[in-house]
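Below: the structure, in structure tokens.
In my numbering, the protein residues as written are 12 to 176.
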């Protein structure tokens, strides 16, 4: 009975904070200090998995078109621990296979049996709206949206793999 009362009190307290505006939602807690630079991927500019990061997510999306309306690249966005976009890479379509192979090498080095590391790749090089010119930086509003999507993606993944078989 004490556990039920404690749970109800906690829930009531959280609801009171939410109504008063003192309880911030996850997206409001994230402060985007600066736009993220967009660079072109190559073997000399690989995806990096920082040392203290345990979870890395790669979000792929359609890139820019040339003057003839043909897609020439894709955008790969690297999110670490759901909290920061560490890289925004313009991937030339001709290098798409090499890019994905390089990701597998990065993942294989970090994810060893018994480790706490995890990774995921979401999206596609060819799916999504035509973004128009991407420029040299990501808009901070887009970065915030991406971090929110990262949290939702992680929650859905954990829910799926935690389901008892």
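Cβ coordinates follow ideal geometry from the N, Cα and C atoms, glycine included.
Residues bridged to residue 103 by DSSP? 84
For the putative contact between residue 83 and residue 104, defined by C-beta atoms under 8 Å, what is the C-beta separation to the nearest angstrom? 6 Å
Suppose contacts are defined by Cβ-Cβ distances below 7 Å. Is residue 107 in contact with residue 128 by that definition? no
Residues in the same chain with beta-carbon distance under 8 Å from residue 17, minus the five sequence neighbours each way, listed in chain order, please. Below a pLDDT of 50, predicted positions are generally treated as unreliable, and residue 17, at 36, falls in that range; the measurement from the model is reported next regardless. There are no such residues.
Is it right to say residue 71 is buried, meaning 16 or more other beta carbons lie within 10 angstroms of its own, or is it exposed? By the neighbour-count rule (16 or more Cβ atoms within 10 Å), residue 71 is buried.
By how many angstroms is the C-alpha of residue 99 removed from the C-alpha of residue 149? Near 8 Å, if we compare the C-alpha coordinates of residue 99 and residue 149.
Three-state secondary structure (DSSP) at residue 75? Judged by DSSP in its simplified three-state form, residue 75 adopts coil rather than helix or strand.
Hey, quick one: how far does the alpha helix (DSSP H) through residue 146 stretch, first residue to last? No alpha helix (DSSP H) contains residue 146, which DSSP labels as neither H nor E.
Secondary structure of residue 113, DSSP reduced to three states: helix
To the nearest angstrom, how far is it from the Cα of residue 174 to the Cα of residue 79? 47 Å
Helix, strand or coil for residue 121 per DSSP? In the three-state DSSP reduction, residue 121 falls in the helix class (H, G or I).
May I ask you to report which of helix, strand or coil DSSP gives residue 55? In the structure shown, the three-state DSSP call for residue 55 is coil.
Is residue 170 buried or exposed, if buried means 16 or more other CB atoms sit within 10 Å of its CB? exposed
Exposure label - residue 86; buried when at least 16 CB within 10 Å: buried
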